[in-house]
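Quick note on this note's numbering: the sequence shown kicks off at 13 and runs consecutively.
The structure under discussion appears below in the form of structure tokens.
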Amino acid sequence: MTVCAYCGRDNEAGAQFCMDCGKPMGRAQGLKTVAAGGEAAPTPGTRTTARTAVSRAPGESLTCPFCGGAASALQPFCPHCGRRLTAPGSGPSCPRCASSVPPGSAYCATCGAPLVEAAASRRVSSGATRGRSAITLVLLDDVGTPVQRFERKAPDTTIGRHDGDIRFPEDVFLSPLHAKISWEQEGLVLRDLGSRNGTWVFLEAPHRLADGDLLLIGSQVIRFRRLGYPGPHPPDADSTKRMGSVTPSADIASLTQLRSDGSGRDVIQLSPGRDVAIGREQGDWTFPYDPSMSARHALVRSEDADFVVMDANSRNGIALAVRGEIALAHNSRILVGDKLLRIEIPA
């Protein structure tokens, strides 16, 4: 047996990583190898806990989704590659909330959804609607030319920098585990997995804006916020009329340009009956320093108290940040990190 100096867990002889804490198993970590039933002396500088003297049963075995090695279903890390088996999307997950669940569980510990029934219903529904789960993700370059194709036949596909089914280790804007594409009852959907920079879907039609929506226009991240209707000011007690600009109507929403740290920079107000054009050279709100933005790129149109954003035949389009889940279709384009991917669904 090989004892981990970090947590005291007994691992199989020859394990490269601890199945309990995921730390590398090697001389540099001060590990001690002992015979089965023996006892390891504490390594100087490491913490000794009661766990050192406890040997837990390996439990049910499973196959690591990353390296294919045998691992214990009771432990969070693979002893062969060191990847977290319980990372979102890397193992069994709840079909409702996507939380990781132990194999064989009847209900999700997070949301309480029945797992066996839901999985069966999902398989029946998806099979009846599409007959297959195969999709292809096509990596595109800056001008939209295909660079690489990823054929996927599994119902779920995760994308990340270090973890996931499709990895781009050189992309510093990509989180270790970034996004997940999966077949659900309603079709193919995309979810963000708590990434640092978000997951984006390019709009194929006008989109009615909701409070908190994030838009990618050129290289500008723009946030839409509802302000509410302020209503008229009540008259002063002495009947003195207030001065002020009479042309602008009440502002009920706003668009804010965001810096990389999330702070706001420029803001433009939205009011009923006023359309706002956005572009590099033309429009009500211009960004002359953004070469990835078209001269006239987008239009935010007022529809009574609502606002709809639409593309103005721009070169790079408009992307919407995923919140919750968003449906995908054939030829949908998504942006993860700095990677542009096109979804192809066989007919």
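Every residue, glycine too, gets a C-beta built ideally from N, C-alpha and C.
Note that the coordinates shown come from a computational prediction; the quantities given were computed from them, not determined experimentally.
Distance check for Arg208 and Ala222, CA to CA, integer angstroms please. Each residue's Cα considered, the two are about 21 Å apart.
Pull up the DSSP beta-bridge partners for Glu337, would you. Paired residues: Arg203.
For Tyr301 and Arg292, I'd like the C-alpha separation in whole angstroms. Cα to Cα, the separation comes out at about 7 Å.
How would you call Gly295, buried or exposed, if buried means at least 16 neighbouring beta carbons within 10 angstroms? Looking at its Cβ environment, which holds 16 or more other Cβ atoms inside 10 Å, Gly295 is buried.
Helix, strand or coil: which one does DSSP assign to Val184? Correct three-state label for Val184: coil.
Per DSSP, what kind of secondary structure is Ala82 in: helix, strand or coil? In the structure shown, Ala82 falls within a strand segment according to DSSP collapsed to helix, strand and coil.
Would you call Val213 buried or exposed, if buried means 16 or more other Cβ atoms sit within 10 Å of its Cβ? Result: buried.
Less than 8 Å between the beta carbons of Ser194 and Asp168, yes or no? Taking 8 Å as the Cβ cut-off, Ser194 and Asp168 qualify as a contacting pair.
Cβ shell of Glu163 (< 6 Å), same chain only, five flanking positions each side left out: Result list for Glu163: Thr148, in chain order.
Using 8 Å for Cβ pairs, my map puts Gly210 next to Val334. What's the rounded Cβ distance? That pair is a contact at about 7 Å.
Where Ala166 and Asp177 are concerned, what is the direct C-alpha to C-alpha distance, given to the nearest angstrom? C-alpha of Ala166 to C-alpha of Asp177: approximately 10 Å in a straight line.
Extent of the continuous beta strand (DSSP E) run through Phe299: Note, Phe299: premise wrong, no beta strand (DSSP E); not H, not E.
In this structure, does DSSP put Lys165 in helix, strand or coil? The DSSP-derived three-state label of Lys165 is coil.
Go ahead and label Ser306 buried or exposed: buried means 16 or more other beta carbons lie within 10 angstroms of its beta carbon, across all protein chains shown. Burial of Ser306 is indicated by the presence of at least 16 other C-beta atoms within 10 angstroms of its C-beta.
Nearest to Glu24 (by Cα), restricted to the options Gly240, Ala82 and Ser275: Comparing Cα-Cα distances from Glu24 to each of Gly240, Ala82 and Ser275, the minimum goes to Ala82.
So is Cys90 in contact with chain D if we call contact Cβ pairs under 8 Å? Considering every chain present, this structure includes no chain D. It has just one protein chain.
Validate contact between the region 348 to 357 and the region 226 to 243 using beta carbons, cut 8 Å, 3 pairs: With a cut-off of 8 Å on Cβ pairs, the region 348 to 357 is not in contact with the region 226 to 243, counting fewer than three such pairs.
Within 10 angstroms of the Cβ of Ser138, are there 16 or more other Cβ atoms? Answer buried if so, exposed if not. With a pLDDT of 39 at Ser138, under the threshold of 50, the predicted position of this residue should be treated as unreliable, though the coordinate-derived value follows. Classification of Ser138: buried, given that the 10 Å Cβ count is 16 or more.
Where His190 sits in the DSSP three-state scheme: Reduced to three states, the DSSP call for His190 is coil.
Where the beta strand (DSSP E) through Gly276 begins and ends: In this chain, the beta strand (DSSP E) harbouring Gly276 covers Gly276 to Leu282.
Decide if Ser84 is buried, meaning its Cβ has at least 16 other Cβ atoms within 10 Å, or exposed. Buried: at least 16 other Cβ atoms inside 10 Å.
Can you tell me which of Ile346, Asn325, Ala341 and Ser326 puts its alpha carbon nearest to the alpha carbon of Leu332? Comparing Cα-Cα distances from Leu332 to each of Ile346, Asn325, Ala341 and Ser326, the minimum goes to Ile346.
Expected contact under 8 Å - CB spacing of Ile280 and His309 to nearest Å: In this structure Ile280 does not touch His309 by the C-beta definition: roughly 14 Å separates them, more than the 8 Å allowed.
CA nearest to the CA of Asp273, picked from Ile234, Met255, Ser304 and Asp250: Asp273 has its Cα closest to that of Ile234, out of Ile234, Met255, Ser304 and Asp250.
Measuring CA to CA, which of Thr75, Arg203, Ile264 and Leu228 is closest to Glu315? Selection Thr75, Arg203, Ile264 and Leu228 evaluated against Glu315 yields Ile264 as nearest (Cα-Cα).
Going by DSSP, what residue range makes up the beta strand (DSSP E) through Glu198? No beta strand (DSSP E) contains Glu198, which DSSP labels as neither H nor E.
Using DSSP with H/G/I as helix, E/B as strand and the rest coil, what is Asn209? Coil.
Who are the near neighbours of His174 in its chain, counting only those whose CB is closer than 6 Å to its CB and skipping five residues on each side? Sequence-distant partners of His174 (beyond 5 residues in either direction) whose C-beta falls short of 6 Å from its own C-beta, in its chain, are Pro188.
Phe236 - DSSP class collapsed to helix/strand/coil: Looking at Phe236 - three-state DSSP - the assignment turns out to be strand.
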